[in-house]
Structure formats: structure tokens, C-alpha cells
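Residue numbers (the UniProt record's numbering): 1 to 974.
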């Protein structure tokens, strides 16, 4: 992990003392704990061990060697002196190195850090100068870096700190330009590229650790040593004893408690820091802790050294360049498949990051760049035309070279040739700088073109159900809003087979569908609805509409059943079309269009987007699909709330928030910073306030109140706290619950992305003996053979569980879950987290717990009770809080919205969904009311391959809006 901190001159003395203080670090004696790196440092004669006095002088802006940076560097106390990029080793690596005493790991970390920083210097070092009022950026490829390796993450309380191997790479605010002058460093690319640098560090560390004989496992975006378990890593905490006692006091087991339960225990046991520890004391404490939790450092150290000898004898000849390039090509193709599942438009840095991770240190970033270039040259990837950004005006939109030239032609009345010359000069001197390359797959482009083609093919192809004047007469005396009337007219009187209804939140889409259904049935037609989620299907059925999930279209039974109902006298409504990805929309239209049925896409492009790639509903609207707008918001019964939702619906989130300012409650987070750069954010005061506000409501009011939040972590924490404050803690039973492991198909097809203890559930029967819907526990992951070994959680009666070998790359329909234990009590509100056709349970439905037993849980809603067998983990979760994605489509009386200004999940679409669920009341809880307007204005971009092609067309036909000359002049500072 790489964290950042900007350093200022006022802190030069403090920083010099802190970074250079390695007196208690065991491995500082190796002479590599504080060293210089970078071509810029070499130019200034700074090499080898860092001289603390000179480092201090440089932080003050005194570089020596006659360096004069002129006006490009400020000289006051608040001037920027440098950037600290703190590169931290994975926790298990720190444990084996610092407690297990493997000095080879220290060297492996140092080498990985050095190579990541060398890449940063080559690709991301830039200067910034202002000349005659215009900012200029130049690639310099030289940095002045002072590296300080530290070994502890000092605690913030009385407990001994954790071992944490990390390096502070202080990049000083100076770089040399091509003309030999020195200028201030432009940090932008360095900061933006941290994920890529982190991937380079992890890839290099992976290569080094493998070479010295360690077996690894993958956890999300980082690696860990395979012989140190996740439980041991989490247990090795300075507050583990107090935390486990806190859990025990609440009737929970620290070994099986959920993340949310453990987090509350951590916060409850935090104390002020009043004591320092010597390294000898730390070493003794660490050794005791490690022994107590069963980490065997020495036998694994010995085994790694023996394995390293074997590897050295096998790998004394490195692979040929062509073979290494083939490995790089395969890693890049995997990264494309992995990223393209969720996002159509992929950045170069994201592709490099994930390919490096997948390559396990066997490939370099440069080899991967070559792979990417060849894929573009072979036309297997769509590449966006080069775009350039103004160095002086960061608000100006990036555009192509031709588009910048076209603006100059329009504004200054010059020829295209002269304009291009001026643009090229601006690029050469750094007044225009290139943006990051973006790519999409040809497969994505074909899919997008395919759904547009099917929509166009259906124009004027169906006969109206009712003539327009006849339908208008039918609707004369109804209570329909203008938007509802418009939607019904398009659905019944239009002649296009595929049409859309853009229905804003709370505009009465359900009522419009019920009216449409009645009109259809009166004339011998049939309405069928399809929706992405089970809870949405349940709502449609409650409204009297025949409905099923979109996913059911792929099952043979439902396909046959649907085929018998389709025809020219059928109207198929695809509800919540805005969350259906391009891939799924292509399947739907391909299945439905040949039947001659009318197809209605009903959704809202402003609400949350599809989890998978593409914005199909928006694309069809952009490409001319006839669409009715339902914009008459009715749900909110307060004028203030209605105005706020109306503004949010048209993308004016910050203005909407201003309307709600009397409904915003700020409760500050407690923030502490560890010495390895990790920021610890404690949001528990806000979570506590939300939970208490909720439980202070009557039971009836609670049942009609939603807590909406952005992340699964905050959702789990809020759910746990409500459970406790409702007085249910200690009154229930611990049950094994399942949480979906957020993986892509590309990851699920590789054994290394599974973890021992994962629960696997096949979606079909397989020849190896795995049965559809049954649960299996992963007990072995073999990276070398790309195999898993699983055991059935519920073997056939009278038989012992037999291990089954799984080859993930041959099994495309596996669902993967994490298992955790949580208390469920009578009176708890829970939600179902997976469809269960046998019990007629829909994913997302909320139920009250009526009864608990050792082997079962009984839940009920709307007068219906269901008993779930607890002899294996349950697809259940507490349901007091929900994410914005899960809240879409729900309606309630009151919303408590946890809007975290620092979270990437806070954006225009999630804000809009969150504040539009309620009829009567909304309260926005935030950590920072000043920063929140900027956060909610952030657009959640769901890219299309069409977007990349559109930029080429716009470059040719760009026109200038002469009504805004001041803004245009500001953008054209080139």
C-alpha cells in the first residue's frame, strides 16, 4: 500500500528528526535504511547514505550546488518542500521479516521499493513553471528521493506498536528541466499514479519473495505469505486482547466475530498514548504474541531457504525474451477481461496495474506496454484519440489536437494550418499536456452497435394497440399525470418495437404500469415484466404484474415458459433498465425481438448504474430511441423534499443539498495517523448517532425507515450497532452467514484468487460431482496447478464429505462467498441475499425474525412465514441499513442518509437515489458539510466504446459557443 503526505518548509526540522530516527530499528545497521535515489539526487551529488543535515537543508529549500529555482518555487514557510510516498509491505511479510528474522525479506522490500520509484522517475517526473502568466509542464525523468526504511507502526495507545516494514520515499520539490534549469516538481502524475506504483511494488516483491522460497496467496490487490493466515494477521494487533475481551463481554467469540463487530470492539478499547517501548521490549512482546497464535516462523524460514536452493537450480537460465513477452501478453489479456466485465472504458494505468498483479512478478510494466500497443495495432482494442489538457486551466475539458485547433480557428480567425502549428507549439512547451490513454474492446463496441441496430430495426415495425386519439379519449377522466399519460401513449400507440420510458424517482411508474396492463388485457394483450433483482420482481408481483428476473431468461425452464407467452400481442416491460449492462441488454433484445413483442425499457439514467460494463439504457436514448419522460415527482409530500429531489434528478446535486441544509447533521470523524502513513478514520460517533436516532423511533416508524449508506463496511457497522441498541445483543444465537465475495469472472477462473475457507456455490451441475445450489468449502488452493480442493458442507445422508477437485478455468458459473458468524435474535430485521425459488425468496426482500433454534431460523413478512435450515450457512443479513444500490426501487416514509464526503461511493447517482426514497422526511448525516457538496456533484461515469469513437468525430465537427467568450478565452490559454 502507498500513502501520501505533502510536506511543507515549516515542518523541516520535525520531518528531518522523524524520518532519520531509526536508532531502534534492528536492520538500520545494514547501511540501506536511509539512502538517496534518483538522477536528480545524483546531479546534486547526493548518493549513498542520507546525510540528515543536508536532507534538512533541502527541506528548507537549500539545495546547494548553485541551484536557483527562480520563481517556480515559493520561499515562505508554507511552501511545499516535498512529497512523502510511504510504501508499506503486506502485514505477513512484515511479521516474517521483523519477528521471524528473515533479513532476505528486508532486501526484497528494498529492491521492490527501488524499482517502483525508478519507474515513477522515468514516467511521472514533471516540472511546473509559470512563464508570462502561463503554466508550462515538462517531462523531466529525474527526481531527488531520500528513502527512510522504518520497522514499526507506532501505536496510538498504551499497547506496544505493531511490526510494520515500510519505507518513506520523500520526493523533494525540485527537478531539472531539459535546458539545465531547476524548477518545482509537479506532483500531479505521481499522486494519480499511486495505484500503478503500488502494483509495480507488489509485483516486484512477489518476484523477490518467490525467488527466496516463499509461497504466496492473493488477497484483493495485494499478496500475503501463504503460511500466515488472515486470522493470524488480524489477531496480531496491539489491542487484540482488549478487543477479544470486549467481544466476550458481549457474548461473542473473537475468532468468529464479523468485521463490524471486531471494529466496534477495537474502537471501544482505544486509549490515549502515554508510554514508549524499546525495541527489545517490542521484540519480546511480538515473539510472545506470535507463539500464542501459532505462527511458526523458523520452520517456514528453513523451508523457504531449501525451496530457494531448488528454484535456483531450476531457474539458472532465465526465459527467452519472446517467452517473457508471451507471458506479458497473457497477463494483459487477463487484465482486459477482468476490467472489461465492470467497465467498458479502461485506462492504461488500470490495465497495467491489474496485469502486473496477475503476472506475479514475471513481467515488467514495459513489457505490458508493448502488449497493449500490439493489441491496439491489431485493432483488438479501441483506443481513444490523443487528448490534451490545459496546464493553466484545470477546469477546461481535455480535447484532441484537432479540437483545440478548431477552437483557435473559430476564436482568432486564423487558418487551420496556423492553428495546428500553435497547438503543436503549446504541446511542445507543456502548455497542453497529454491525458492518460483510454481503451475499450472491439467486443464491447460490437455489443453496443448490436443493441442500437436491434433498436433501429424495430422502428415502425409494430401496430398500435390503440390509435392515439382513441387512447387519449380513454385517459380523459383518469388521475394520471402528464408524464404517466405520455408513457402510456408511447407504450400503446407507438409503432416502434423498442421504446423507453425515462421515469424519475417517485413519479408513479407502478401506477402507470397497472393502468397500461388494464388497457392491454381489455384488448386481448398480455403484459410481462422483467427486472434485475428479486426484490423488484416481488414489488411488481404485488402490483399485480406478472414478473420474473432478467437472469431467469438464461435458464432452460423459464426460457421455454417465456417463449410460450411471447408474441405480437405481448408487451414486455424491462424494469429498472438503467442498471442493466450492455451484455445483458444484448441478450434480452436478441431473445425478445424475433417474437414480435413490444419491448418497453423503463428506468432512470440518473440513478445508480449497472455493476457490469456499459450504460445500455442511456446509449439507446442517446442513439434516438423514442422515449417518454415521466418527470412529475409525486412521492415527496413536502415541497422542500420535492424540490431537492427534482434538482438531484437533473444532476444538480449540490444545489439539491443546499435546499436540504436544515436537514444536514455534521458529526466529525476522529482521525489519527500512524507512522507508516496509514490514516485511521473513526466514524463511530456518526454511526452511533444514526443508530440511536433510528432506535428512538417507534416500532412502526422503524419499519418504515431506511438507513442508506455508501459502503458495505458502513452498512455492516450500522446494522450491528442498531442490533445492539435495540437490546437484541446476547438474546439470540450465532449463525453462519454468507457475504458475496466481490470477484469478476476472470478472477473466479483462477485458483490463486480463492482463499482457503471461501464458500463456493455452483449455478449448475458439474461432472466433477458439484451440484447446483449446494455449498462447498475451499480447503486447498494450488497456484502451481491452478486447482482447488473443496468439501461439501452438507454431504449426502449417511456419507462422509469427500474432497472434490475443481479446475476453475473450466467452470464458468461459480458464486463465491465469505463466511462469517453473526448473532440473529427474535425481532431482528433481516434481508435475503440470494434468490431461492424453492422457498419463493427474492434477493433483497426484508423479513422480521419470528423464531430461532439451533438448526433453523424462522422469518416472516406480509403474513407469510418461512423456516430456513441452519445446518449450513445462510444467505441472510441484517436489514436496518442498506447501500444506495440496494435501496433503488424502494419506498419508505423516512430516510437517514449516511453521506461520507471522503467516500468514492458518494456521487450524483447515489445521492439522488438516497434522498428520493422517502415520502415525508430525510436526514443527511455527514462527516464534513463543507466538503459534501463537491462529493455529491461527482459524476459516476459508466463509459461506452462509443464514447471513445465520439471524441474522434467531435474533433472534426467541434463548434464554438460564442455566448461564453470569457470562458473560452480562459480555456484557450495555450
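Cβ atoms here follow ideal geometry from the backbone N, Cα and C, with glycine treated the same way.
C-alpha distance - residue i paired with residue j, whole-angstrom precision
| i | j | result |
| --- | --- | --- |
| residue 717 | residue 687 | 8 Å |
| residue 581 | residue 547 | 19 Å |
| residue 370 | residue 4 | 30 Å |
| residue 650 | residue 706 | 23 Å |
| residue 104 | residue 85 | 23 Å |
| residue 12 | residue 59 | 5 Å |
| residue 833 | residue 563 | 29 Å |
| residue 848 | residue 830 | 6 Å |
| residue 437 | residue 348 | 6 Å |
| residue 83 | residue 125 | 12 Å |
| residue 841 | residue 360 | 42 Å |
| residue 887 | residue 2 | 34 Å |
| residue 41 | residue 52 | 14 Å |
| residue 15 | residue 78 | 14 Å |
| residue 232 | residue 36 | 35 Å |
| residue 219 | residue 552 | 32 Å |
| residue 975 | residue 135 | Past the boundaries of the shown model lies residue 975; the chain is included only from 1 to 974, so the question cannot be answered. |
| residue 712 | residue 428 | 46 Å |
Exposure of residue i, with buried meaning 16 or more beta-carbon neighbours within 10 Å
| i | result |
| --- | --- |
| residue 977 | A question about residue 977 goes unanswered here, because the residues of the chain that appear run from 1 up to 974. |
| residue 201 | buried |
| residue 110 | buried |
| residue 91 | buried |
| residue 357 | buried |
| residue 542 | exposed |
| residue 772 | exposed |
| residue 151 | buried |
| residue 761 | buried |
| residue 532 | buried |
| residue 484 | buried |
| residue 880 | buried |
| residue 768 | exposed |
| residue 302 | exposed |
DSSP state of residue i mapped onto helix, strand, coil
| i | result |
| --- | --- |
| residue 418 | helix |
| residue 26 | helix |
| residue 829 | strand |
| residue 399 | strand |
| residue 850 | strand |
| residue 694 | helix |
| residue 735 | strand |
| residue 90 | coil |
| residue 391 | coil |
| residue 713 | helix |
| residue 792 | strand |
| residue 811 | coil |
| residue 636 | coil |
| residue 130 | strand |
| residue 438 | strand |
| residue 968 | Low local confidence applies: a pLDDT of 39 at residue 968 is under 50, so the model's placement there is unreliable, with the coordinate-based value given in what follows. Of the three classes helix, strand and coil, the one that applies to residue 968 here is helix, per DSSP. |
| residue 905 | coil |
| residue 184 | strand |
| residue 168 | strand |
Expected contact under 8 Å - CB spacing of residue i and residue j to nearest Å
| i | j | result |
| --- | --- | --- |
| residue 39 | residue 142 | 4 Å |
| residue 626 | residue 578 | Contact doesn't hold; Cβ gap of about 17 Å is too wide. |
| residue 690 | residue 439 | Not really, about 41 Å apart at Cβ, beyond 8 Å. |
| residue 644 | residue 915 | 6 Å |
| residue 791 | residue 806 | With 8 Å as the limit, residue 791 and residue 806 do not qualify as a contact, their Cβ atoms being about 11 Å apart. |
| residue 140 | residue 176 | 6 Å |
- Message: Pairs of beta-carbons, one from the stretch 633 to 647 and one from the stretch 919 to 931, closer than 8 Å: are there three or more?
- Response: yes
- Query: How about the stretch 865 to 879 and the stretch 558 to 573: do they share at least three Cβ pairs that are nearer than 8 Å?
  - Reply: no
- Evaluate the contact criterion for the stretch 739 to 746 versus the stretch 930 to 947: three or more CB pairs, one atom per stretch, below 8 Å. no
- Query: Can you find at least 3 beta carbon pairs, one from the stretch 692 to 705 and one from the stretch 794 to 810, that sit closer than 8 Å?
  - Reply: no
- Pairing CB atoms from the stretch 729 to 736 with CB atoms from the stretch 817 to 825, are three or more of them under 8 Å? yes
- Query: If we count Cβ pairs, one from each stretch, closer than 8 Å, do we get three or more for the stretch 901 to 920 versus the stretch 850 to 859?
  - Reply: no
- Touching or not, the stretch 422 to 438 and the stretch 389 to 399, by the rule of three or more beta carbon pairs under 8 Å? yes
- Does the pairing of the stretch 450 to 470 with the stretch 408 to 425 give three or more beta-carbon distances under 8 Å? no
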